[in-house]
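There are 2 protein chains.
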Amino acid sequence: MLHGGAIADAMLGWKTHGTLSPARDNAVLYPTSYGARHPELEWLIGPDGVLDPTRWFVVQVDMFGNGISSSPSNTADYPPLVTAWDNVQAQRQLLRDVFGIDRLHAAYGWSMGAQQAYHWAACFPEAVERVVINCGSARTAAHNQVFLRGLMAVLEAAPEHRGEGRFAAEPALAKRAFGRIYAGWALSQDFYRAGLHLSPETPDLAAYLRGWETRYDAKPAADLLAQLRCWDAGDISDNPLHGGDLPRALAAIRARVLLMPGATDLYFRVADNEAELPHLRDAKLLPIPGIHGHRAGNPAGNAAGTAFLREAVRLWLD
Amino acid sequence: MLHGGAIADAMLGWKTHGTLSPARDNAVLYPTSYGARHPELEWLIGPDGVLDPTRWFVVQVDMFGNGISSSPSNTADYPPLVTAWDNVQAQRQLLRDVFGIDRLHAAYGWSMGAQQAYHWAACFPEAVERVVINCGSARTAAHNQVFLRGLMAVLEAAPEHRGEGRFAAEPALAKRAFGRIYAGWALSQDFYRAGLHLSPETPDLAAYLRGWETRYDAKPAADLLAQLRCWDAGDISDNPLHGGDLPRALAAIRARVLLMPGATDLYFRVADNEAELPHLRDAKLLPIPGIHGHRAGNPAGNAAGTAFLREAVRLWLD
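Chains A and B, in that order, give the protein sequences.
Each residue of the first sequence is one higher than the last, beginning at 627 in my numbering.
Each residue of the second sequence is one higher than the last, beginning at 627 in my numbering.
This is the structure in C-alpha cells:
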C-alpha cells in the first residue's frame, strides 16, 4: 500500500455490463462510492440509462473497504490506510489481467468513485481518454475532512470500539448518530426547506431520519471507518508520481475531464472544482442544477436529475 | 413550562452594563447563545463596541440550560423541554421585578440568543421597539434540526448516557466527536478553503480540530443536550398566543426587525430570513458578508467583521 502495509490475497469485487469490443476500446470503469456496494450503484446502467451497456463495456469495481472487496470485515490484517491510489493500482491490474484492457474509454464515478476516476486520470495519464468527475475532487477539501473526522470520532467514541479501527461488536447507537449526521450533509438546506424529505412514508422529519438511523445497520463499522480514512486522504498528487504537487498532478492529466459538481453539494463544492479547472488542459465545468445536494450526482428516483445526468454523460462519452 | 413540567426556584444568571435611564427606556436585552455563558459574549459590549453601555442599559441574561441559570447540571427535576418561550417569560419577569423595566429599547441576540430576541418581539409585541436577529430564525429550519438531532444522537450514544438526557459521568469521547461535528457547521466551507483555520498555533487541520475536541470539556453534557432540545423546538408561533401559525406570529411583531444572517452560515440560512421577510411589517434584511459562516455574527477577534456588526447595530439602535 502507498502508506504501508499490504493486503494478502487482495480481492476485488466487480461486475461487467455489456460486451468488450474486439479492439478492447470501449471500456468504461465505474468504481463504487462511500459505503456502497456495486449493486446499489447499478441502477443508472441500461440501454436508456446514463451508462449504456449496448455501447460500452461497463466495469463496476468495488472499492477496498466496502465489504465486498478486501475490507476490515473480511481481512484480519487490513492496513490502517488504503488509499484511492491503492484502489486504482488494483483496478488497473484487474482490467489488464482479466480483460486485457490497457486503456479506458472513460472512467466515471460519483463521490469517492469520482475521486478514484480522478486518480486514474492523474496516475495513468495515457490510459484514460475521458473522465466524468461527478461530485468529486482531486484532493479532499479541508471542510470535507472536517465532516469526515466528525464521523470518524463518532465511531471511535463507541464503547464497542476496541481501538485501531476495530470493533468488539457493531456499535448500534453510534451508527444511529452516524446516519443522522450524514443526513445533514448528503442533502442541501434547500432540499429540506422545500420539504423534499417528506412523503406519505415519511410524514415528518423524525420519520425521515429513522431511515438514516438504520441506513448503516448492515455495514460493518470497521469498513465504514476504513473508507472514511481513504476519503480523508484523497489526493491525486499524494504519490511518488506527483510528490504532493497538486497543480502538477492536474496538469499531468491527458484525459478530457468533465467536472460535474452538485450546485448545492455541501462537501464536494463547486468552488473546489473551480479551483482545479485552470490547471486542467482539457476540462469542462458543468454543475448539476437543483437542490438535491450531494445526491444530485446519484439521482436514483429523481427523474429530472437522472435526465440531466444522462444527457451530459452520454454527450461526454460519445 | 410551555410543554410541561416546572423549574422549582428557577434561577436566572444575568449581568448589566451601563445605567438604566430614569425613564427606564434605554434597556437592551442580550440573551446568551448555545453553550455560552454571559462572560463569553461580553466582548462586544463597550463604549466603542457593538453595544455601547454609555448609551444603553445592556442586560445580559443566561439562557436556561447554560449551566449558570437553572439547568440539568444544577436542577434535579429540570423539565425535558424548556423552550425559548419559557426563557423569555422568565426574562420578562426578571426585567420587571428587578429593574422595573416594562419595555425594551431593543432585544439583541446571536444564534439561539437571536431566537430569544425574536420570541420577545412576537410574544410581547408592545414591549419591544427594535430587535436585531443576528444569525437566527423565527422557527428552527428543518435542515438546522437535522444538524441538531445528529448532535443529540452523539450524546445519547455515549455509554455514560443514563437515558432521559442524564449522564452517569461526562462522556469525554462523545464530546470530542461533538466538537468535531460542530466545527464543520460553525464555519463555512470557504473559511476552510481559504485556510483561515490555520495559524502558528494551529498549523494543520488536526491541530485546529483539537481546540474543538476539547471545547465542550467544561460544559456538562446534560446541559448541552437540554439546550439542543430548546434550539430544535425554536418557533415563535408554538405557543398559546399564535397557535403554531408562523405567518401570524411574524405579523404580530411591532418591533422594527433587523435580520442579519451570515452570508455563508450553514444552519441559520439567509434563505430562512428571506422567507420571513414578507410577513414582517417593518424589517430589513442585511446579510453579514464574508466567509466566517455562523461565526460571522459573533466575530470575536475578527476586526472587519466586528466593524460591520458595530456599524449596523449602532445605526439600528439609534
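Backbone N, C-alpha and C define an ideal beta-carbon position, used for all residues, glycine too.
Within chain B, the residues whose beta carbon sits less than 7 Å from that of A/I807 are G776, I807, listed in sequence order.
Close partners of B/E782 in chain A (Cβ separation under 9 Å): L799, R802, A803. Look at A/D816: its C-beta is under 9 Å from a C-beta on chain B. Taking the Cβ atoms as the reference, B/L876 lies roughly 39 Å from B/E839, outside the contact range of under 8 Å. Counting only runs that start and end inside the stretch 824-883 of chain A, there is no beta strand (DSSP E) element of at least 3 residues. The Cβ atoms of B/D908 and B/V883 sit closer than 9 Å to each other. Using a CB distance below 9 Å, no part of the stretch 693-710 of chain B faces chain A.
Residues of the stretch 880-895 of chain A that bring their beta carbon within less than 9 Å of a beta carbon in chain B comprise L892, Y893, R895, in sequence order. Going by beta carbons, A/I807 and A/L854 fall outside the 9 Å limit. In this structure, A/S699 is the residue among A/H769, A/S699, A/R819 with its C-alpha nearest to the C-alpha of A/A848.
With contacts defined by Cβ atoms closer than 9 Å, B/V685 and B/Y656 form a contacting pair. Rounded to whole angstroms, the Cβ separation of B/R718 and B/I694 is 19 Å, and the two are not in contact under 8 Å.
The residues F894, D898, in chain order, have a CB closer than 6 Å to that of B/S763 in the same chain once the five nearest residues on each side in sequence are set aside. Minimum Cα-Cα distance from A/G672 among the listed residues A/R650, A/S697, A/T645 corresponds to A/T645. Secondary structure at A/G888: strand, using DSSP grouped into helix, strand and coil.
With its beta carbon at least 9 Å from every one in chain A, B/E796 lies outside the interface. The Cβ of A/A897 sits closer than 9 Å to at least one Cβ of chain B. When C-alpha distances from B/G810 are compared across B/G837, B/W746, B/P751, the shortest belongs to B/G837.
Under the three-state reduction of DSSP, B/A926 is assigned to coil, being neither helix nor strand. In the structure shown, the three-state DSSP call for A/H629 is coil. By the Cβ-count criterion, B/K845 is buried, with 16 or more other Cβ atoms from all chains shown falling within 10 Å of its own Cβ. Listed along chain B, the residues sitting closer than 8 Å to A/L835 by beta-carbon distance are V772, R775. Selection A/D674, A/D688, A/A634 evaluated against A/T642 yields A/D688 as nearest (Cα-Cα). B/N899: member of the alpha helix (DSSP H) spanning 896-902, first to last residue.
Those residues of the stretch 841-866 of chain A placed with their C-beta closer than 9 Å to a C-beta in chain B do not exist.
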